[in-house]
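**Q**
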Amino acid sequence: VSEGSMLEYLLKRSHSIGEYDLKVWASQIACGMQYLEEKSFVHRDLAARNILLATKHQAKISDFGLSRAVCGEGQYYKATQGGRWPIKWYAPEAYNYGTFTSASDVWSFGVTLWEMFTYGRQPYGDRKGAEVIELVEKGERLEKPAACPNDVYEIMESCWSYTPRDRPTFSQLVDRFSSDNNYMNVRELIPHMDIS
């Protein structure tokens, strides 16, 4: 992949990345995650470090090492083994019960958006996982990035609803980005995206 990791790109080339670029990437990530959702998979590790840029205008989801097929009523995966989990990107039901769904991936998408609009900052700074859990359980969320439009921060906040059913689906997120009148070109890109 010619441009490499989105995280590295954000850190090294922030001066050449505009709001439009970030929204294009966000819509492409949402579209790719919608595809996974439709195929009954959860990613479980959606983060800027796991997005690759094929070109400056084409983002692709990568690192499916933690992804799992979900089946049965409720469409969820229950983790039964411990290990090192990226808590800063995990929804409450994931770190509390080891339950992963498309809704927990939506929470991670919100954190990934935050990484994008901060040009690669570490979510929650140097805080440890236990501290992050305590903050989230108290109702605190990541602050609005300085360069982030209000409408995008509203999307982030909706992704961080404590109750999974209150979060948008990836289909709703794709619709939201494709109906953004300020970014007509994003609407044109979404139906034609190659997610292979």
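Position 1 of the sequence shown, counted from 1, bears residue number 1 in UniProt numbering, the numbering being contiguous throughout.
We treat Cβ as the ideally placed atom computed from N, Cα and C, and that holds for glycine.
From a predicted model like this one, the values you see are computed outputs, not experimental measurements.
1) Give the secondary structure of Leu7 by DSSP, where H, G and I count as helix, E and B as strand, and everything else as coil.
2) Only counting the same chain, and skipping five residues up and downstream in sequence, which positions put a Cβ closer than 8 Å to that of Glu131?
3) Suppose the cutoff is 6 Å on Cβ atoms and the five residues either side in sequence are ignored; what does the same chain contact list for Ser108 look like?
4) Beta-carbon within less than 6 Å of His15's beta-carbon, same chain only, minus the 5 sequence neighbours each way: which residues are those?
5) If you follow the alpha helix (DSSP H) that Leu46 is in, where does it begin and where does it stop?
6) Measure the alpha-carbon distance for Pro92 versus Arg44 and round it to whole angstroms.
7) Does the Cβ of Ser2 have 16 or more other Cβ atoms within 10 Å, making it buried, or fewer, making it exposed?
8) Tell me the rounded alpha-carbon separation between Glu134 and Ala54.
9) Where does the unbroken beta strand (DSSP E) through Thr118 begin, and where does it stop?
10) Among Leu36, Tyr119 and Lys138, which residue has its Cα nearest to the Cα of Ser5?
11) Nearest to Ile61 by CA position, among Asp105, Glu157 and Asp151, is which residue?
12) Apply the 10 Å Cβ neighbour rule to Ala30 and answer buried if 16 or more other Cβ atoms are within range, or exposed otherwise.
13) If Lys178 sits next to Pro168, beta carbons under 8 Å apart, how far is it from one beta carbon to the other, in whole angstroms?
14) The alpha helix (DSSP H) that contains Leu22, what's its start and end?
15) On the three-state DSSP scale, how would you describe Lys128?
16) Please identify the residue among His57, Trp160, Asn50 and Asp151 whose C-alpha is closest to the C-alpha of residue 282.
17) Tell me whether the beta-carbon of Phe117 lies closer than 8 Å to the beta-carbon of Leu22.
18) From what residue to what residue does the alpha helix (DSSP H) around Ile61 run?
19) Considering only C-alpha positions, which residue in the set Ile155, Lys144, Cys148 and Ala103 is nearest to Ser40?
20) Between which two residues does the beta strand (DSSP E) carrying Leu53 extend?
21) For a quick check, are the C-beta atoms of Ile155 and Leu113 less than 8 Å apart?
**A** If we stick to the structure as given:
1) For the purposes of this step, residue 7 is taken as residue 7 along the sequence shown, with counting starting at 1. Helix at Leu7.
2) Mapped onto the sequence shown, residue 131 falls at position 131. Contacts found: Tyr124.
3) One-based indexing of the sequence shown puts residue 108 at position 108. Taken in chain order, the residues that qualify are Leu46 and Trp89.
4) Start at 1 with the first residue of the sequence shown, and residue 15 comes out as number 15. Around His15: no qualifying Cβ.
5) For the purposes of this step, residue 46 is taken as the residue at position 46 of the sequence shown. Where Leu46 is concerned, there is no enclosing alpha helix (DSSP H), given that its DSSP letter is neither H nor E.
6) The residue you call residue 92 lines up with position 92 of the sequence shown. The residue you call residue 44 lines up with position 44 of the sequence shown. One C-alpha to the other measures close to 13 Å.
7) Here residue 2 refers to the residue found at position 2 of the sequence shown. Classification of Ser2: exposed, given that the 10 Å Cβ count is below 16.
8) By one-based count along the sequence shown, residue 134 stands at place 134. By one-based count along the sequence shown, residue 54 stands at place 54. The straight-line gap from Cα to Cα measures roughly 37 Å.
9) For the purposes of this step, residue 118 is taken as the residue at position 118 of the sequence shown. Looking at the DSSP string, Thr118 is not in any beta strand (DSSP E), and its letter there is neither H nor E.
10) Numbered from 1 along the sequence shown, position 5 holds the residue referred to as residue 5. The shortest C-alpha separation from Ser5 is found at Tyr119.
11) Position 61 of the sequence shown holds residue 61. That would be Asp105, whose Cα lies nearest to the Cα of Ile61.
12) Numbered from 1 along the sequence shown, position 30 holds the residue referred to as residue 30. So Ala30 counts as buried.
13) Numbered from its first residue, the sequence shown carries residue 178 at position 178. Numbered from its first residue, the sequence shown carries residue 168 at position 168. The identity of residue 178 in the sequence shown is Ser, whereas the question assumes Lys. About 13 Å; that fails the 8 Å criterion.
14) If you number the sequence shown from 1, residue 22 lands on position 22. Leu22 -> alpha helix (DSSP H) spans Glu19 to Glu38.
15) For the purposes of this step, residue 128 is taken as residue 128 along the sequence shown, with counting starting at 1. Residue state, collapsed to three classes: coil.
16) Because the chain here runs from 1 to 196, residue 282 falls outside it and cannot be looked at.
17) Taking the first residue of the sequence shown as 1, we reach residue 117 at position 117. Taking the first residue of the sequence shown as 1, we reach residue 22 at position 22. A contact, by the Cβ cut-off of 8 Å.
18) Within the sequence shown, the letter at position 61 stands for residue 61. Premise fails: Ile61 lies in the beta strand (DSSP E), Gln58 to Ile61, not in any alpha helix (DSSP H).
19) Reading the sequence shown from its first residue, position 40 is the one you call residue 40. Checked all of Ile155, Lys144, Cys148 and Ala103; the closest Cα to Ser40 is Ala103.
20) The residue you call residue 53 lines up with position 53 of the sequence shown. Looking at the DSSP string, the run of the beta strand (DSSP E) that includes Leu53 is Ile51 to Thr55.
21) By one-based count along the sequence shown, residue 155 stands at place 155. By one-based count along the sequence shown, residue 113 stands at place 113. Result yes, Cβ atoms of Ile155 and Leu113 sit closer than 8 Å.
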